[in-house]
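With my numbering, letter number 123 in the sequence shown gets 968, and the count goes up by one each step, no holes. Glycine included, each C-beta is placed from N, C-alpha and C at the ideal position. Since we're looking at a predicted model, the values are computed, not measured.
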Amino acid sequence: MSRNSRLTGLAVLVGLVVAGCAAVHERDPDALWKIVHERCAIGGRPCAVYDAKAGYALLHSLEGKGQYLLMPTVRMSGIESPALLQPGTPNYFALAWLERDRVSKAYGVTLPTDALSLAINSKPGRSQDQLHIHIDCMTAETRRSLDAQDGLIGPMWSDLPQAVEGHHYRAIRLPDLDRSPFRVLADSLSSPQTEMRAHTLVVIPTHGSFILLDDAAHGLDRASGEVLQDHACRAFLPASAR
C-alpha cells in the first residue's frame, strides 16, 4: 500500500471512530493521535490548525458539517491526564472557544453564540485515547433546559433538579474561561488523580457567562457530554442552510 493510500485510509478511520463506531474503537483508539502526530505535525494537513507553540491542533470532524475537534499537539490521553493540572499546560477549553466561529463558517451562516458548546467525554464514554474537545452546536433541548434552570446556577457547584437530554448534571457558573474548567472540576474532587477519568464536562455560554456541566460515569451512564450536542445543528440553522 502506498503512503498516500495509507494516510487516506487513516483519515477515513478517524472519521469513523469519532462518530463512535465501536468496532473501529476496538481496532485503533489511537487514530486521532496518529492524525495529529504523523500528519499534521509534518505538513499541517488535514488539520485546520496545527500550532506547536500554542500547543494545540484543530481537526474538522467527518461527523457533522460544522464539528471541530481541538486536541493537544503532545500525547495526552484524555480528561484523566495528570498534565492537565500542571502549571504551564495550555487552557484547551479557552483555546477551543476561540475557534468557535469555524462552526458558523462551515455552515456558511452566522450562528448565535448561545447555539454553541464545548464538550469532552469521560474515559468510559469516549472512543479515542487522545484528548479532544468537541466544538459544535448544542441540541434544542439542552438550550431550553438550561435556560429554564439558569436562575438556579451560581458560583458554587449544585445539582440541577431537571435532567438534560435524560442525564443528570451538576453545574457551576463561570464568569469566563480564564481558569481551566479541568482545574475547576479537579478542585471539587477529593481525589482528582483517580476520579477525573469518570467525568465529562460541557461548556455552555449564557448571558455573558458560562455554565460548566459535569457528570460522572455510573451504571449505564457512560458520561458522554457530547450527547448534548447536535452535529447537524438543526435548532439554530435557517431552513436554507440545513
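Every unbroken alpha helix (DSSP H) inside the segment 913 to 973 [4 residues or more]: 937 to 943, 946 to 952
Does D1004 come out as helix, strand or coil in the three-state DSSP assignment? strand
Span separating the alpha-carbon of Y1014 from that of A1077: 23 angstroms
Hey, out of S922, D995, M1001, whose CA is closest to K968's CA? S922
List the endpoints of the continuous alpha helix (DSSP H) containing P1026. 1026 to 1032
Using the C-alpha atoms, what's the distance from R890 back to R884? 6 angstroms
Under 6 angstroms Cβ to Cβ from V1072, same chain only, skipping five residues before and after it: list those, please. E1010
Measure how close the beta-carbons of G803 and A893 come, nearest whole angstrom, since I'm counting them as under 8 angstroms. Because the chain is modelled from 846 through 1087, residue 803 falls outside the range shown and cannot be assessed.
Alpha carbon to alpha carbon, how far is E908 from L914? 10 angstroms
Quick one: Cα of D959 to Cα of E1040, how far? 30 angstroms
Tell me, please, whether the segment 1020 to 1037 touches the segment 932 to 940 by the rule of three or more beta-carbon pairs shorter than 8 angstroms. yes
Inspect the beta-carbon positions of I978 and L963 and report whether they are closer than 9 angstroms. yes
Could you have a look at S990 and say whether DSSP puts it in helix, strand or coil? helix
Nearest by alpha-carbon distance to H905: which of L1057, I998, S926, Y952 is it? Y952
Among residues of its own chain, excluding the 5 on either side of L1005, which ones have a beta-carbon nearer than 6 angstroms to its beta-carbon? Q994, Y1014, A1016
W942 versus S1003 - alpha carbon distance: 24 angstroms
Is DSSP giving I1056 helix, strand or coil here? strand
Take I924 as the anchor and find which of A1068, A1086, A1008, Q1074 has the nearest alpha-carbon. A1068
Buried or exposed (CB count within 10 angstroms, at least 16 for buried), P932: exposed
Can you tell me where the beta strand (DSSP E) with T984 in it begins and where it stops? From DSSP, T984 is part of no beta strand (DSSP E); its letter is neither H nor E.
Between which two residues does the beta strand (DSSP E) holding A876 run? A876 -> not in any beta strand (DSSP E); alpha helix (DSSP H) instead, spanning 876 to 879.
To the nearest angstrom, report how far apart I1049 and I880 are at their CA atoms. 28 angstroms
Rounded separation between L903 and M1001 - CA only: 32 angstroms
Residue(s) in a DSSP beta bridge with Q976: For the record, residue 976 in the displayed sequence is Leu; it is not Gln. For L976, which the question treats as bridged, DSSP gives no partner whatsoever.
So P1050 is in the beta strand (DSSP E); what residue range does that whole segment cover? 1044 to 1051
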